[in-house]
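As structure tokens, the structure follows; a few thoughts come after it.
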Amino acid sequence: MGNYKEYQDLLLKNYDEAVDFLLQKYGSAQDNYFKEKSYKRFMNKEIKSIGKGNISRTIEGLYCHHIDENIMLKISDPVFIRKYKIPFEYQKKERLVYCDLIEHSILHVLIAKETSSKFGYLGLTMYLMPTIEMWYLHEMIPYREWEKNCYKKSFLVPQEAFDILNTMHNMIGENYYESLSGYYEEQTRIKEERERIEEEREENRKARIKEHDQNLKKERIRLINMAKLLHDKSPRKDILYVAYGIKYPNIFGKFGAGQSKDMDFKKFDSEMKKHPKHKILEDLNMYLDSL
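Numbered per numbering that gives the first Met the number 0, the sequence shown finishes at 290, counting up by one with no gaps.
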């Protein structure tokens, strides 16, 4: 029996029947999901992470699923484990079952269906279904070795994957696309819309840069014109302001508008107190002559 037909049959079972079928198909786990001593130490806040048991079978293309995910959220998430004091019993080898990607998705579909999406739904819609779409509808072969194993184990051609996804969506009360071609058309539309938005953002960014540069040039011209009007009788602060703006345009206002700009000028003013006003004006004029 091919994968596709077996998946169809599995979708007709209830959750307990599906779990029993997969236990018979792949055998029971030989170790607990987490190491018991490590689990207890983590719960007592003695360590920051939990040591895992020898449960991985990704070399065979299989995922490890917690059977009790139909009554408890995120059983393998350390944050949830500590926050909700999840008992170690849920991590024992007797409460684990192996499955491939599509079977894992079906388990979550059956959980979501039987619990009115209270459990199983988030993992299904946020991770499992998108992975099926990426691997088998978009035909994107994963690059990690363990994912390649999983990809090959549950391989479906695009039409088969689409039909399975359509059935799963319907089982949890959601509409999917009317056809595989309709799915691809919508994905193309979404891609083109994203590209349009990105192009628009890039154009706006370039426009802002251009406007900023133009404003800097205008400000520089204004300051140069002001500098031509300065003389020995001009207020020291005016001379400093023009000198600062012309000679140090990248410093002036580099922290944006407001008090930071004023603080920069005050620092410059303080540093220039050791120089007489006429010397500052002389240096400014020499700098302008060199432009």
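Idealized CB from N, CA, C, for every residue including glycine.
Everything numeric in this text was worked out from a predicted model, so none of it was measured.
Which of helix, strand or coil does DSSP assign to Phe267?
Helix.
Locate the beta strand (DSSP E) running through Leu72, then write down its first and last residues.
That residue, Leu72, is in no beta strand (DSSP E); it is neither H nor E in DSSP.
Is Lys12 helix, strand or coil by DSSP?
Of the three classes helix, strand and coil, the one that applies to Lys12 here is coil, per DSSP.
Give the single residue among Phe264, Lys117, Gly122 and Lys152 whose Cα lies nearest to the Cα of Trp134.
Lys152
Using DSSP with H/G/I as helix, E/B as strand and the rest coil, what is Val156?
coil
Should Ile208 be labelled buried (16 or more other beta-carbon atoms within 10 Å of its own) or exposed?
exposed
Residue range of the beta strand (DSSP E) that Leu179 falls in?
Premise fails: Leu179 lies in the alpha helix (DSSP H), Leu179 to Lys227, not in any beta strand (DSSP E).
Roughly how many angstroms lie between the CA atoms of Ala226 and Ile196, to the nearest whole one?
45 Å
Determine contact between the region 50 to 60 and the region 8 to 16, defined as no fewer than three beta-carbon pairs at a distance below 8 Å.
no
Helix, strand or coil: which one does DSSP assign to Leu127?
helix
Nearest to Pro157 by CA position, among Met139, Trp145 and Gly172, is which residue?
Met139
Would you check if the distance between the CB atom of Leu127 and the CB atom of His107 is smaller than 8 Å?
yes
Short check: CB of Ser37 to CB of Pro77, under 8 Å?
no
Residues in the same chain with beta-carbon distance under 6 Å from Met167, minus the five sequence neighbours each way, listed in chain order, please.
Val108
Are the C-beta of Asp162 and some C-beta of chain C separated by less than 8 Å?
The structure shown contains no chain C; it is built from a single protein chain.
Once DSSP output is grouped into helix, strand and coil, what is the label at His137?
Of the three classes helix, strand and coil, the one that applies to His137 here is coil, per DSSP.
List the residues that DSSP assigns as beta-bridge partners of Lys82.
In the DSSP output, where bridge partners are listed per residue, Lys82 has none listed.
Check whether the region 112 to 119 touches the region 18 to 25, counting contact only when three or more Cβ pairs, one atom from each stretch, lie closer than 8 Å.
no
Taking the alpha helix (DSSP H) that His65 belongs to, which residues open and close that run?
Not the alpha helix (DSSP H): His65 falls in the beta strand (DSSP E), residues Tyr62 to His65.
Per DSSP, Tyr97 is paired with what?
Cys63.
Would you kindly work out how many angstroms separate the C-alpha atoms of Val18 and Glu173, rounded to a whole number?
24 Å
Going by DSSP, what residues sit across from Lys236 in a beta bridge?
The partner list for Lys236 (beta bridge, DSSP) is empty, contrary to what the question assumes.
With a cut-off of 8 Å, do at least 3 Cβ pairs link the region 115 to 124 to the region 79 to 89?
Under the three-pair Cβ rule at 8 Å, the region 115 to 124 does not count as touching the region 79 to 89.
For Phe33 and Lys147, what's the separation of their Cα atoms in angstroms?
25 Å
I'd like the span of the alpha helix (DSSP H) that includes Asn284, first residue to last.
Lys276 to Ser289
In terms of DSSP beta bridges, what is Lys337 paired with?
No answer is possible for residue 337: it lies beyond the span of the chain, which begins at 0 and ends at 290.
Please classify Gly60 as buried or exposed, where buried requires at least 16 other C-beta atoms within 10 Å of its C-beta.
buried
Enumerate in chain order the residues of its own chain whose CB-to-CB distance from Tyr6 is below 6 Å, with the five nearest sequence positions on each side excluded.
Ile101 and Ile163
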